[in-house]
Each structure stands twice: as structure tokens, then as C-alpha cells.
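Colleague: Those sequence lines, one after another, are chains S and Y.
So the first sequence is numbered by my numbering: it starts at 1 and just counts up by one.
So the second sequence is numbered by my numbering: it starts at 1001 and just counts up by one.
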Amino acid sequence: MDAEIIVVGSGASAVHAAQTLVEEGREVLMLDVGVAARDDVPAPPLETFCNLRKRDADQHGYILGPRFESLSWGPTKAGAQVTPARRYMLARVGELTPLRSENFVPFESLAHGGLGVGWGAGSFCFTEQELSAAGLDPQAIAHSYATVAARIGVSRPDDSLIDECASAIGQFEEPLRPSRCIADLLGRFQRRRQRLTKRGFKVGRTPLAMLSRDRGARRAHAYREMEFYCDEERSVYRPWMTLDELQRMPRFRYQRGVLVECFENLHDQVVVSARSAGDRQPLQFRSKRLVLCAGVLGTARIFLRSNPEIRELPLLCNPYSYVPTLAWRNLGREVEERQLSLAQLSVLYDPDGTGANVSMASAYTYRSLMLFRLIKEAPLDLAYSRRLFQFLQSALVIFGVHHPDGFDGGRSLRLANGGRGLEVDFHYSAAQEARSKTRDRAFRKLIRALGCIPLASLKPAAGASIHYGGALAVSEHQDPRRTQQSGRLWGAPNVYVADGSLLGYLPAKGVTLTLMAIGDRVARHVARSLG
Amino acid sequence: MDSTSLISKPVSNALLQPAREQGQYMTDTQREAPILSTYLLGRTCDAATSILYEQALGARGVVMTEAQAKLWARVLRQPRLLPFVDAGLALLDRYNPLRQRIFIMSAVLEVRPEFAGEFLPRRYRWHEIGVLMLGGCSAVLHSLAGVCLVRVLFRDSYGR
């Protein structure tokens, strides 16, 4: 036996599952491709974004990249905003886990820390209605929300959002300090609160996984606006930080460079077949329990390879659009030296007031993403575009709008390339498209009421929301393609799933805190199953 | 002027240093950097910025057809054509390699500390906003004239 429990993956759910298992006294082996952070991208000095821009002669290294990889030309694609220091999170995906699709462009990661490397840190709890719709037990998951929030530190959202976004979190960090532009929007919402609340909107500061006070090796956030370029002083939580801590614990082993391919569930153990990510040599591991946390697409790959009689699985993904806007009152105003690049404002839209079908938008300011990404998009000469966007950027606020997703329309994922890759077919139903359109219109109205002028509404291809779910959703029926409440696969009693695959409904709120909570909850079941 | 022949290397400060000190041994590509800098910001750039531009072009592998290379050479000889060609292509073919070269120069200037003030947000006075608006009108006129110019100069690709 190689380990008592094998955990596959090192993303948000994997590290919290592993942490809970280790705390429960279990011995854990984590298998992961674990693409390491690049060592050729220089770390920026500890300074504010503006000061670095004015003083650092070597800023091109971390802004454009050592090979100028940020200078992509052509229409803006999903992922264009990923900065050089974060690009490793997408490395080797096409080579090791290819995916074929004409209508689905997802993000996957084989990095050390998974997609959490580029997480926006929005930390939302799902409501009881949302959890029930997803097939999860709200009471059981509430405890796990509190556990993981205490581990990572979550800033307090505004009171108006607590019930919908953070009801299960016991202890908060202090609320984030919004930039002047965002504070203006919040002020405008407060003045129109009654009217907008009646229309189903709630607006407030976003709960973020960042510290307002020093904690161990992590420091309080200093508002240097460098969140896209580095994890300075570990103020904003990333899963690799938990992985670092785990690697210092005697009951935890991390084996990097392993791509898990399939499993075989035997009577009292699981045999895990894998390949070395380097020389592709076959590898085999044995454990009493296996916990799959490889992300929805990664877990689906492993599951389908292990169950050749099952041809395809379903898939969920939030419909997503983004709306660049101008908060015109801020035009030509100076911007504070210190501010935040992450989402500072969340808008919930619940038109039927049931709490079960809520859409959500997050607002970001633009400055630290640089003008060069914008100016090529204007149908004007680049010299004037530069002048124009320099003027506009103090007022530029980007709203990312997510809608919930349920099993509707045609979606399927199946194996392709002789089992090496996946093929995804993904369509939203006409009713869902129409609902998203109506809600996008409502959001644009709200945006105007907050004093912003929407400039466009851009809809990237399905998959760009980076929130996936539903491939192995929880069910009470003994279906080999489904899981039990505990995360255990109906068809493989020694194998558990602990990622977004469990969600039979995908709320619009950011899913990462829920993934961590799922990791914790499933780990408790796994530990209990071993007696 | 074939940028594809340039070897893509990571930018190193050691490489920039001699140029910072001496500003000599400039290649054709390095010579076009000050022209583009003057077009974009109204100021010329130093040798270190030119070298960074050359490396960025090499790394991105900007490839031009023979016709595009000819037009580019002409534009560099007569920089007054730049705003018209840039604006015309912005309407006719936004992601043309000629515009890509200007875009790369703009990004390179943005990451040079001496030009940061031209890109970071700042306070605007009313008269500056007025000047910007007038600039917008002029940009539209450039676009209209640019479309005609590009159609004449690029008859094979965009001519009617």
C-alpha cells in the first residue's frame, strides 16, 4: 500500500481535503502534475503599482514577460489578462490533457495549486436553496464553510450581502477598503437602495480571501495593486500556501509530475494507474481510499477511463458576459496610489425573490491591467487611442456577470483521442439564452442607475466563466455515474469525488469557497469510512 | 527588414546596459523605434527602449508580406503618413502586422519608467479635455483620409 488515502490534484478542494484528512490523523499521498511557477519571471519589488511603473526599469520582465508573452495580437481571447507570473497555471494542459470542442473553451490547470493560482479570491457561500438545488446537504456544508473560511481568512462583505453570500462564515477579516471609484458606486446604491432592492438587486463589498491583519507567514494586505503580478506577502490566499504547510507535516507526501489516468476499485483498496508527466512511464499506486479533486474536467477524464462502459457525462458551466463601463463622474480624476485590483463590489440579482436562482456581477477597476491590452481594440489610430484610454481609465469599471446553470440544453463530455483527451459539446437551451439576455439587460439598467455608462456587453465562448460542475452530481439513486452525499461514487465504494463535479446545479456566485468546503466535508466522510 | 530573422531572447539588463551607456550600433529595427515613439508620444526614445522594441518584435515573430514591408518602409521614410496609415488600417484591417508593430512599440513605451506618465491616469483640466475632444475629431478625420490612403497604397488588398 503506497498510502492510506490518495488525493488527486492540488487545487482549492484538494488541499483542503488533504488538510482535513491530515488533521484527522490520516496518512495522505497527493498525486499531481504540479507544474511549477516560472523562475524566469522576475518578482516585482515590494512597492505600489504606480511607483513601480514610474521607477522600475525592469518592469517589462513581470508585465510583458521575459518572452513578451503578454503582447498577444488579434481579437482579445479568454485568458488574455493572465499575467506572465500566472501563465504557468495553464502550461502543459494542451499537451497532457487535450480537449476538443467547437463550442466550449474551458480553463484547466495542471499547476502546483491548480486554477487557484489565478483565483480572484471572491469567497461566497451558497444559500440553503442553492445548496439544496445542487444536491448538497446545507447543514453539513455550513460547518465546512466555517472551517475553510477560518483557515484562509475572508474579508467581511457589506451587511446587505451577508445572508446571501457569507451566512455560514463565523469569523471575518475586516472589510476591504474600496477605491474611490467603487465607493462612489456603493454610495449611489445606498441612496437608491429601496428602489433597487425592490427590483431584486443587492449591492455590497465583496467577501475576499485576503487578510486585514498579519497571520503567521501571511501579512495584512497593503493595497499595492499588484495582485495580478505576484502573491506578495501571501496577503491574498492561494491553495499553494496550504500545500506548502502540508508539505511540512509528517503524514503528508506530495508526489509531483504524476498524471493520474484511471483507477480500479478493488474490494479493500484502489489501484491508481498514472503516467509520469515527464517521460510518460507508467506508474501504479495503491491506497485504501482515493479522493478525486482533479477539477470537473480532470475528474471526468479519470472517471471515464476507469469506466469504459460509461460513454458520456453531463456538464454545467455558468453563462458569462462582461460589461466594460465608464463611471463618468471619475473621468479625468486622479486615482489613489493604493487600491485593490481584485473584485471590490458584488451585485446580486434575484428577480423572483426566491433566493434559488440568483445572478451575480463583480466589479473591477482596470488600472493595473495596463493600457496596451485596451488600445488595440479601438477602431482609431493607436496614438489617439492611447491618449483616449489614458483619460478614460480612471473611470473604467469592468463588470463580470455570471448566471446560474442547471441541466438544460445539450451538454456532454466524452473521451476522445483514444482516451487521451476529452471531447465536449456544449449548448445552452434557447430558454436559458433568453433568460441570460433578459438578466443582462437588467444588469445594464442597474449599472446605469449606479452612475456608469455601459460601453458594450461582451460574451465570450462557453467555458470562459471558469466555473464548471455537474459531471458526477450527487444523487440518491444508485447510478454509477453519480455520487452519494458523502462524495462516494455509487459504482466504486473506495473512490470519492471532492470537487465541482458533485454540484447538480451551478449557482452564479464564485464557486471556489464551496469547492474548499466540499473538500473538507468529503474528507471527513473518507476519514470516518476508515474507522 | 525581416523581423523574423531576429532571434527571440529573454530581455536582460546586461543586454540593455551597453545601449543605455552608448546608444550606438543601431539596427534598422532599432532605428524605427524613435520614429514610432515620436508618433505615439511626441517624444523620441532612448537606445535601451529601441533594443527592447527590437527584442519584442523578434519574440512575437511579426511577419509582413512583401507589399506590407514596402509600405512600412515608405511610412518610415515619411513618418507623416503614419497616423493616416494606422487610422486607415484600424478601420479596414485592425489586426494588420503594421499596426502590430506600432502596438508593440506602444506596449514597450508603457513599461519604460520615463514614459509612465503618458499612460497612468492623471488629473485633467477642462482645457485638456477640450484638446482631447479636438484630438478625437482629428482622429476621425485621420481615419477617413487613412482609409482612402490605404486603399491607394494597398490597392491589391483593400482597393475597390
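The beta carbon of each residue, even a glycine, is placed where N, CA and C say it ideally should be.
1) Which residues, in order along the stretch 66 to 77 of chain S, keep a beta-carbon less than 9 Å from a beta-carbon of chain Y?
2) Which whole-angstrom value describes the C-beta separation of ILE152 of chain S and TYR237 of chain S, a residue pair presumed to lie in contact below a C-beta threshold of 8 Å?
3) Is it true that the CB of ASP499 of chain S sits closer than 8 Å to the CB of CYS293 of chain S?
4) Does DSSP put ALA361 of chain S in a helix, a strand or coil?
5) Within this structure, are the beta carbons of LEU304 of chain S and LEU313 of chain S separated by less than 8 Å?
6) Threshold first: 4 residues or longer. Then list the alpha helix (DSSP H) segments lying entirely within the stretch 283 to 341 of chain S, N to C.
7) Return the chain-ordered list of same chain residues with a C-beta closer than 7 Å to the C-beta of LYS1009 of chain Y, the five sequence neighbours on each side being excluded.
8) For a quick check, are the C-beta atoms of ALA535 of chain S and LEU326 of chain S less than 8 Å apart?
9) Is HIS402 of chain S helix, strand or coil by DSSP?
10) Around the C-beta of VAL1140 of chain Y, are 16 or more other C-beta atoms found within 10 angstroms, so that it is buried, or is it exposed?
11) Rounded C-beta distance between VAL470 of chain S and PHE407 of chain S? I'm assuming under 8 Å.
12) Quick one: Cα of ALA78 of chain S to Cα of PHE189 of chain S, how far?
13) Measure the C-alpha to C-alpha separation of GLN284 of chain S and ASP1046 of chain Y and round it to an integer number of angstroms.
14) Apply the 10 Å Cβ neighbour rule to TRP328 of chain S and answer buried if 16 or more other Cβ atoms are within range, or exposed otherwise.
15) Taking just the CA atoms, how far does ALA1069 of chain Y sit from VAL7 of chain S?
16) Who are the neighbours of PRO1113 of chain Y on chain S, taking C-beta pairs under 8 Å?
17) Provide the residue span of the beta strand (DSSP E) that contains PHE1154 of chain Y, from first to last.
18) Here's a check: name, in chain order, each residue in its chain whose Cβ is nearer than 6 Å to the Cβ of TYR496 of chain S, leaving out the five neighbours to either side.
19) To the nearest angstrom, report how far apart GLN533 of chain S and ALA492 of chain S are at their CA atoms.
20) Are any of the Cβ atoms in chain Y nearer than 8 Å to that of GLN344 of chain S?
21) Name the chain S residues whose beta carbon is nearer than 8 Å to that of SER1050 of chain Y?
22) Quick check on this structure: which residue in S:LEU96, S:ALA183, S:VAL22 and S:ALA209 has the alpha carbon closest to the alpha carbon of MET249 of chain S?
23) Whole angstroms is fine: what's the gap from GLU536 of chain S's alpha carbon to PHE104 of chain S's?
24) Are GLN344 of chain S and LEU110 of chain S touching if we call contact CB-CB under 8 Å?
25) Report the residue ranges of all beta strand (DSSP E) runs contained in full by the stretch 387 to 468 of chain S; include only those spanning at least 3 residues, in chain order.
26) Mapping DSSP to helix, strand and coil, what is ARG528 of chain S?
27) For the candidate residues S:LEU29, S:GLN484 and S:GLU164, whose alpha-carbon lies nearest to that of LEU243 of chain S?
28) Please say whether SER1106 of chain Y and GLU375 of chain S have beta carbons closer to each other than 8 Å?
29) Would you list, in chain order, the members of the stretch 360 to 381 of chain S that have their beta-carbon closer than 7 Å to a beta-carbon of chain Y?
30) Alpha carbon to alpha carbon, how far is VAL1111 of chain Y from VAL260 of chain S? Give it in angstroms, no decimals.
31) Whole angstroms is fine: what's the gap from GLU309 of chain S's alpha carbon to GLY410 of chain S's?
32) For SER179 of chain S versus THR365 of chain S, is the C-beta spacing smaller than 8 Å?
33) Could you give the residue range of the beta strand (DSSP E) that holds SER273 of chain S?
34) Where in the stretch 47 to 97 of chain S do unbroken runs of the alpha helix (DSSP H), each at least 4 residues long, occur, reported from the N-terminal end onward?
35) Using the C-alpha atoms, what's the distance from PRO1034 of chain Y back to PRO1079 of chain Y?
36) For chain Y, check one thing: does any of its Cβ atoms lie closer than 8 Å to the Cβ of ALA383 of chain S?
Modeller: Here's the rundown:
1) Answer in chain order: PRO66, ARG67, PHE68, GLU69, SER70, LEU71, SER72, TRP73, GLY74 and PRO75.
2) Counting from 1 along the first sequence, the entry for residue 152 of chain S is found at position 152. Counting from 1 along the first sequence, the entry for residue 237 of chain S is found at position 237. Yes, ILE152 of chain S and TYR237 of chain S are in contact; Cβ-Cβ is about 4 Å, under 8 Å.
3) In the first sequence, the residue the question calls residue 293 of chain S occupies position 293. In the first sequence, the residue the question calls residue 499 of chain S occupies position 499. Yes. Within cutoff.
4) In the first sequence, the residue the question calls residue 361 of chain S occupies position 361. Taken through DSSP and simplified to helix, strand or coil, ALA361 of chain S comes out as strand.
5) Taking the first residue of the first sequence as 1, we reach residue 304 of chain S at position 304. Taking the first residue of the first sequence as 1, we reach residue 313 of chain S at position 313. Using a Cβ distance threshold of 8 Å, LEU304 of chain S and LEU313 of chain S count as a contacting pair.
6) Note on the stretch 283 to 341 of chain S: whole alpha helix (DSSP H) runs with a minimum of 4 residues are 295 to 306, in chain order.
7) Position 9 of the second sequence, counting from 1, holds the residue named residue 1009 of chain Y. Because the pLDDT of LYS1009 of chain Y is 40, which lies under 50, any placement of that residue in the model is unreliable, and the number read from its coordinates should be weighed accordingly. GLN1055.
8) In the structure as shown, chain S begins at 1 and stops at 531. Residue 535 of chain S is therefore absent and cannot be evaluated.
9) To locate residue 402 of chain S, count along the first sequence from 1; it is residue 402. DSSP, read as helix, strand or coil, puts HIS402 of chain S in strand.
10) Start at 1 with the first residue of the second sequence, and residue 1140 of chain Y comes out as number 140. So VAL1140 of chain Y ends up on the exposed side.
11) In the first sequence, the residue the question calls residue 470 of chain S occupies position 470. In the first sequence, the residue the question calls residue 407 of chain S occupies position 407. Checking the displayed sequence, the identity of residue 470 of chain S turns out to be Gly instead of Val. Indeed they touch by this definition, with Cβ atoms about 7 Å apart.
12) Here residue 78 of chain S corresponds to residue number 78 of the first sequence, with the count starting at 1. Here residue 189 of chain S corresponds to residue number 189 of the first sequence, with the count starting at 1. Cα-Cα distance, rounded: 30 Å.
13) Stepping through the first sequence from its first residue, residue 284 of chain S is reached at position 284. Stepping through the second sequence from its first residue, residue 1046 of chain Y is reached at position 46. Rounded to whole angstroms, the gap between the alpha carbons of GLN284 of chain S and ASP1046 of chain Y is 58 Å.
14) Translated into the one-based positions of the first sequence, residue 328 of chain S becomes position 328. Counting Cβ neighbours within 10 Å, TRP328 of chain S comes out exposed, since fewer than 16 surround it.
15) In the first sequence, the residue the question calls residue 7 of chain S occupies position 7. In the second sequence, the residue the question calls residue 1069 of chain Y occupies position 69. Roughly 55 Å between the two C-alpha positions.
16) Here residue 1113 of chain Y refers to the residue found at position 113 when the second sequence is read from its first residue. Within chain S, the residues whose beta carbon sits less than 8 Å from that of PRO1113 of chain Y are ARG53, LYS54, ARG55, ASP56, ALA57 and GLN59, listed in sequence order.
17) Indexing the second sequence from 1 puts residue 1154 of chain Y at position 154. From DSSP, PHE1154 of chain Y is part of no beta strand (DSSP E); its letter is neither H nor E.
18) By 1-based counting over the first sequence, the position of residue 496 of chain S is 496. Counting only Cβ-Cβ distances below 6 Å, and skipping sequence neighbours, we find VAL291, GLY487, ARG488, VAL522 and VAL526.
19) No statement about residue 533 of chain S is possible, as the shown extent of chain S runs from 1 to 531 and does not include it.
20) Translated into the one-based positions of the first sequence, residue 344 of chain S becomes position 344. Interface flag for GLN344 of chain S against chain Y is unset, since no Cβ pair is found closer than 8 Å.
21) Locating residue 1050 of chain Y in the second sequence gives position 50, counting from the first residue. The contacting residues do not exist; SER1050 of chain Y stays about 13 Å from chain S at best.
22) What you label residue 249 of chain S is simply residue 249 of the first sequence in a count that begins at 1. Of the candidates S:LEU96, S:ALA183, S:VAL22 and S:ALA209, the one whose C-alpha sits nearest the C-alpha of MET249 of chain S is S:VAL22.
23) Nothing about residue 536 of chain S can be reported from this structure: the residues present for chain S run from 1 to 531 only.
24) Taking the first residue of the first sequence as position 1, residue 344 of chain S is located at position 344. Taking the first residue of the first sequence as position 1, residue 110 of chain S is located at position 110. The beta carbons of GLN344 of chain S and LEU110 of chain S sit no closer together than 8 Å.
25) Here the runs fully enclosed are 396 to 402, 411 to 416 and 421 to 426.
26) Position 528 of the first sequence, counting from 1, holds the residue named residue 528 of chain S. Helix, per DSSP.
27) Numbered from its first residue, the first sequence carries residue 243 of chain S at position 243. Taking only the C-alpha atoms, the option nearest LEU243 of chain S is S:LEU29.
28) For the purposes of this step, residue 375 of chain S is taken as the residue at position 375 of the first sequence. For the purposes of this step, residue 1106 of chain Y is taken as the residue at position 106 of the second sequence. The question names Glu, but residue 375 of chain S is Ile in the sequence shown. Yes, the pair counts as a contact, with Cβ atoms nearer than the cut-off.
29) Within the stretch 360 to 381 of chain S, the residues whose Cβ lies closer than 7 Å to some Cβ of chain Y are ARG367, MET370, LEU371, PHE372, ILE375, LYS376, PRO379, LEU380 and ASP381, listed in chain order.
30) Locating residue 260 of chain S in the first sequence gives position 260, counting from the first residue. Locating residue 1111 of chain Y in the second sequence gives position 111, counting from the first residue. If you take the alpha carbons of VAL260 of chain S and VAL1111 of chain Y, they lie about 41 Å apart.
31) Counting from one through the first sequence, the residue named residue 309 of chain S turns up at place 309. Counting from one through the first sequence, the residue named residue 410 of chain S turns up at place 410. Approximately 21 Å, taken between the alpha carbons.
32) By 1-based counting over the first sequence, the position of residue 179 of chain S is 179. By 1-based counting over the first sequence, the position of residue 365 of chain S is 365. Taking 8 Å as the cut-off, the Cβ atoms of SER179 of chain S and THR365 of chain S count as close.
33) Position 273 of the first sequence, counting from 1, holds the residue named residue 273 of chain S. In this chain, the beta strand (DSSP E) harbouring SER273 of chain S covers 270 to 276.
34) Runs of the alpha helix (DSSP H) inside the stretch 47 to 97 of chain S: 49 to 55, 60 to 63 and 93 to 96.
35) Residue numbering aside, residue 1079 of chain Y sits at position 79 when the second sequence is read from its first letter. Residue numbering aside, residue 1034 of chain Y sits at position 34 when the second sequence is read from its first letter. Going by the C-alpha atoms only, they are around 11 Å apart.
36) Counting from 1 along the first sequence, the entry for residue 383 of chain S is found at position 383. So yes, ALA383 of chain S belongs to the interface.
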